[in-house]
Each structure stands twice: as C-alpha cells, then as structure tokens.
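Only one structure is covered here, and it is reproduced in the block below.
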Amino acid sequence: MNSVERLPRDFFIRDVLDVTPEILGKFLVVRSANGVLNRFSVTDAEAYRGSEDKACHAFKGRTPRTEIMFHKGGHLYIYLIYGMYWMLNIVTGEENNPQAILIRGVENFSGPGKLTKSLGIDKSFYGEDLVLSERIWIEDSGVKPVYKTGPRIGIDYAGDYWMNKPWRYYLINK
DNA sequence: TCAGTGATTAGG
DNA sequence: CTAATCACTGAG
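The first sequence begins at 86 in my numbering and counts up one residue at a time.
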C-alpha cells in the first residue's frame with residue numbers, strides 16, 4: 086500500500102507555523118470516485134492559529150463547526166463559504182489548541198474553492214483523519230520546498246494587525 | 001467593482 | 001424565529 090510514504094500523526098501535531106511551510110510540495114492524495122488515486126503537489130497554504138489569531142474561526146471559541154479544530158492534528162476541517170465553495174483545511178497541533186491550514190492551491194488548480202470542486206471534496210470529508218483515511222492523505226515527496234510568504238487573503242474583518250501577518254506560504258515559480 | 005448562494009452563528 | 005456574515009469566484 087501507500088502507508089509507507091503517508092505522513093504520520095507526528096507531522097501534524099506541531100505548531101501550525103512550523104507545519105504550513107513544510108506541507109508545500111508534499112502530495113495531497115485523493116481517491117476519485119472510480120477508485121483511482123490522484124496526487125497533487127500542494128502549492129499554496131495559509132496558517133490559522135486560533136489561540137490568538139483573530140482571523141481564525143476558532144478564535145471565538147468552540148462551536149459545532151469549529152469543533153474539529155480543537156482535536157489533535159491530522160483531521161480535516163471543512164466548511165462552506167459564500168454558499169458555494171467548500172474550503173479544505175488540515176488541523177494541526179495538540180488537542181485543545183485549535184489551529185488549521187487552509188489549502189489554497191495545489192498543482193494545476195489555483196484557488197481554494199476551485200480545487201475542492203475539482204477533487205470532489207465536500208462536507209462528507211469533515212473530520213476525516215489523514216493518518217487513517219482510505220480516501221485522502223498526505224505523502225512525503227522528498228521535495229524541499231522553496232517558498233515565499235505574504236499576507237493571508239480575504240480576512241479584512243480581522244483588522245490590520247492580523248491581516249498583515251505573513252502567514253500565507255506559497256511555492257515560488259509553480 | 002459586485003452579485004450569487006446557503007450554512008452557520010448570535011441574538012430575541 | 002430573524003438577520004448578518006462570509007478564509008470565494010467569475011463576469012464586466
């Protein structure tokens with residue numbers, strides 16, 4: 086199987102600011118409807134750090150939607166935005182330390198809403214465990230990512246201080 | 001620049 | 001129950 090290369094729990098149980106740059110260049114593996122495995126290199130991601138980050142959905146506390154972010158790292162946090170797009174997030178850190186990585190882009194697909202639509206990721210993936218799931222996980226690629234950082238997108242409501250944190254990480258030149 | 005679209009949330 | 005909000009996208 087592919088369990089040899091699959092990233093283990095330890096990878097995800099670290100601070101989101103350490104995990105986010107490292108997930109760049111790694112493979113997001115998704116099983117399609119016909120059972121075929123597809124691999125996509127992660128190109129663009131953002132860190133959300135609930136314990137202090139005003140832009141993080143978990144900042145205001147535990148709700149049914151944000152519940153999974155309070156669990157240990159490796160699970161998926163999925164939510165619908167603007168009534169149309171599913172957002173794919175990977176929970177990181179220890180239990181009760183809500184953090185997550187928004188997957189903003191993968192190879193051949195730019196934009197968090199477009200990539201979930203293309204990969205068939207929806208609400209049914211909420212809470213899925215990347216360490217155990219048979220239909221979605223992350224694999225090491227052996228690639229050492231060369232990346233840049235910048236402000237996160239679409240979080241004006243969080244105010245200048247949090248808006249300007251350079252917590253978006255993206256691969257340079259594809 | 002701006003509308004589409006509906007789950008989620010806080011509040012009465 | 002109501003109403004506001006929204007980690008986006010594509011058209012113009």
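For every residue, glycine included, the Cβ atom is placed at its ideal position computed from N, Cα and C. In this text, all values refer to a predicted model and were calculated from it rather than measured experimentally.
Cβ neighbour criterion (16 or more within 10 Å) applied to residue i
| i | result |
| --- | --- |
| residue 250 | buried |
| residue 228 | exposed |
| residue 242 | exposed |
| residue 88 | In this prediction, residue 88 scores a pLDDT of 47, lower than 50, which makes its location untrustworthy; the coordinate-derived value is nonetheless stated afterwards. Exposed, by the Cβ-count rule. |
| residue 103 | exposed |
| residue 111 | buried |
| residue 253 | buried |
Residue range of the unbroken beta strand (DSSP E) whose run includes residue i
| i | result |
| --- | --- |
| residue 107 | Premise fails: residue 107 lies in the alpha helix (DSSP H), 101-108, not in any beta strand (DSSP E). |
| residue 248 | Note, residue 248: premise wrong, no beta strand (DSSP E); alpha helix (DSSP H) at 245-248. |
| residue 129 | 122-134 |
| residue 233 | 232-235 |
| residue 172 | 170-177 |
Where the alpha helix (DSSP H) containing residue i begins and where it ends
| i | result |
| --- | --- |
| residue 96 | 94-97 |
| residue 201 | 197-204 |
Rounded distance between the beta-carbons of residue j and residue i, thought under 8 Å
| i | j | result |
| --- | --- | --- |
| residue 143 | residue 183 | 3 Å |
| residue 98 | residue 223 | No, residue 98 and residue 223 are not in contact; Cβ-Cβ is about 14 Å, not under 8 Å. |
Beta-carbon proximity of residue i to residue j, cut-off 8 Å
| i | j | result |
| --- | --- | --- |
| residue 148 | residue 170 | no |
| residue 115 | residue 221 | yes |
| residue 176 | residue 132 | no |
| residue 173 | residue 166 | no |
- Message: Quick test of the definition: if touching needs 3 or more C-beta pairs under 8 Å, does the segment 209-218 touch the segment 125-133?
- Response: no
- Query: Does the segment 192-200 come within contact of the segment 133-141, defined as at least 3 CB pairs closer than 8 Å?
  - Reply: no
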